[in-house]
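Single-structure report; data block below.
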Amino acid sequence: MLLEAVLDVSSAAVLAGGCQAVAADYAIEVNADGATNKPESNFAKISSSENPEPIVFNATIEERRDFFGQNFNIVQPQKSKLKHTPISEYSANLTVNHELTLLSLYSKSNIQGQNNNANPHQNLLIKNLYQEQAQDNSNLYLYGWGAESLSIAGYPANLAWVRFKALTTGGHLKRLVMLADRVIGASACRIVIDSGAEAGAGNDKTGRKSLALKGNMAITRTFHYEEDLKEFAF
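Per my numbering, the sequence shown runs over residues 1239 to 1472.
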């Protein structure tokens, strides 16, 4: 769920300053033990060579409600930058339904735009989730797709098409790829997050499943979108 915030805030930064302003390669790290109401043990980081201080997100996981679903509240504890774009006060409420087939996210942040002022951004994401079992092995593939409305000062300004694919083996997440493609604008912009589970992640002393992901995020200005995504070829 923390990677949803990473993708979300990056899409907002693209809207704020343009694709070229944040186009770069970034290192991504997620550590989460799933403990409820303990944001310090569920966090994500975006790091780059341009900035010594990473962007950090903490997630407060609420108790799961039977027959309804679960809420995740994600915040940015301190101001930082994506490449050279200042970002502050990011917060998001992410919700999944009981069947884990729908995900919604609403976020707010302040991001410096091309006018050098910090402007309020609001994003709204809805995503469908489903899974497929491989016929010849124990691999389970998880898929998701949806759309995200991106607004500035409460006014819709752009739309993104979002997708993801994940591989689990024996109940353990092995790889997760997420994409966001800008739909409206003078030029295409693609955000790709490619992450893999770190060796040693598993159950902690309390029996909870811990998760450690590391990978990269690439933000690139593209001239067309491929029908067959090489990032999903796994």
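Just so it is clear, CB atoms sit at the ideal spot from N, CA and C, and this is done for glycine as well.
Small disclaimer: the values here were computed from a predicted structure and weren't measured.
Report the residue from the options whose alpha carbon sits nearest the alpha carbon of residue i.
i	options	result
Leu1380	Asn1354, Phe1470, Asn1348	Phe1470
Leu1451	Ile1299, Leu1332, Pro1290, Ile1284	Ile1284
Asp1246	Leu1388, Gly1423, His1410	Leu1388
Asn1296	Lys1403, Leu1341, Gly1272	Gly1272
Glu1278	Pro1290, Arg1302, Pro1315	Pro1315
Ala1261	Asn1275, Lys1321, Leu1467	Lys1321
Leu1405	Gly1423, Asp1432, Ala1385	Asp1432
Val1334	Asn1355, Asn1375, Ala1254, Ile1299	Ile1299
Glu1242	Thr1274, Lys1365, Gly1307, Gln1258	Lys1365
Asn1377	Leu1362, Ile1390, Gly1408, Cys1257	Gly1408
Glu1370	Ser1425, Glu1436, Ala1398, Lys1403	Lys1403
Cys1257	His1410, Cys1427, Asn1353, Ala1456	Cys1427
Look up residue i in the DSSP assignment and say whether it is helix, strand or coil.
i	result
Val1260	helix
Glu1327	strand
Asp1304	coil
Glu1242	helix
Leu1253	helix
Val1247	helix
Gly1408	coil
Pro1290	strand
Thr1339	coil
Lys1276	coil
Gly1434	strand
Verify the CB distance criterion: does residue i have a CB-CB separation below 7 Å to chain C?
i	result
Val1260	As a matter of chain content, chain C is missing from the structure shown, which is built from one protein chain.
Based on the DSSP output, what are the partners of residue i in its beta bridges?
i	result
Phe1281	Asn1269, Asn1296
Phe1470	Paired residue(s): none; Phe1470 is not in a bridge.
Ile1429	Ala1418, Ile1457
Lys1317	Note: Lys1317 sits in no beta bridge, so no partner.
Would a C-beta distance cut-off of 7 Å place residue i and residue j closer than the cut-off?
i	j	result
Arg1413	Gly1434	yes
Ile1349	Ile1312	no
Ala1330	Leu1343	yes
Glu1327	Asn1361	no
Ala1251	Thr1323	yes
Gly1423	Val1400	no
Ser1248	Glu1291	no
Ile1266	Met1416	no
Ser1287	Tyr1264	no
Leu1332	Met1239	yes
Kindly provide the ranges of any beta strand (DSSP E) runs that are 3 or more residues long and lie completely inside the segment 1345-1406, ordered along the chain.
1356-1371, 1377-1390
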